[in-house]
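Mind the numbering: the sequence shown is residues 41 to 194 in my numbering, read in order. Virtual Cβ for every residue (Gly too), placed ideally from N, Cα, C.
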Amino acid sequence: MSIPMRDGEWTGLSNPDEQGAVGALTITVKDGKITRSEYQTEESDGHLKDSDYGKDSSGKVFNKDYYDRAQKAVESFAQYSQKLTETGDLTQVDVISGATVAHSQFVQAAIRAISAAQGVNNDASADKIDIPGLNTGTESTDPTLDEDLGGSTN
41 MSIPMRDGEW TGLSNPDEQG AVGALTITVK DGKITRSEYQ TEESDGHLKD SDYGKDSSGK
101 VFNKDYYDRA QKAVESFAQY SQKLTETGDL TQVDVISGAT VAHSQFVQAA IRAISAAQGV
161 NNDASADKID IPGLNTGTES TDPTLDEDLG GSTN
């Protein structure tokens, strides 16, 4: 049986991917259920992955295939969040082809956000998840990612 979630807004962070981007998932819990979730990824330079992700520094598409793949990942953010909100079950959030690393980061951030909502103390278990495409077996050197399993109240 699952540990009940406390009402409120909870945020979980992923560990960085191989380019240093970190995913953040914020969930809203009401009556013990996820009623809203929003996921975004911030690149290592601080920019959010959005409609400009995959463009060069001048804002132009330099490689259409690369840009299309990058945008597929960006589009997956809303789809992953929507599925989590609809089902309330992380295991029901399937990988979208072409957005595997985004899914891996989403899962790690979701584990941390849900654990924070459940009041689970940090045991660093989210860092031990073997997720392809995330740094070194996802073990982070940033201690702030481990605070309360990366979860925080907003």
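With fewer than three CB-CB distances shorter than 8 angstroms, the segment 67 to 77 does not count as touching the segment 89 to 96.
With at least 16 other beta carbons inside 10 angstroms of its own, tyrosine 120 counts as buried.
DSSP lists Val62 and Leu88 as the beta-bridge partner residues of glutamate 82. When C-alpha distances from alanine 142 are compared across Ala113, Ala149 and Ala157, the shortest belongs to Ala113. The beta carbon of glutamine 59 sits closer than 8 angstroms to the beta carbons of Glu83 and Ser84 from its chain, once the five residues preceding and following it are set aside; these are given in chain order.
For threonine 51, the closest of Glu115, Gly72, Glu78 and Lys100 by C-alpha to C-alpha distance is Glu78. Contact between alanine 149 and serine 42 is absent: CB atoms are separated by about 18 angstroms, not below the 8 angstroms threshold. Residue burial annotation: lysine 104 is exposed, with fewer than 16 other C-beta atoms found within 10 angstroms of its C-beta. Rounded to the nearest whole angstrom, the CA to CA distance from serine 137 to arginine 109 is 10 angstroms. Residue burial annotation: glutamine 122 is exposed, with fewer than 16 other C-beta atoms found within 10 angstroms of its C-beta. Proline 56 and serine 144 have their C-alpha atoms spaced approximately 11 angstroms apart.
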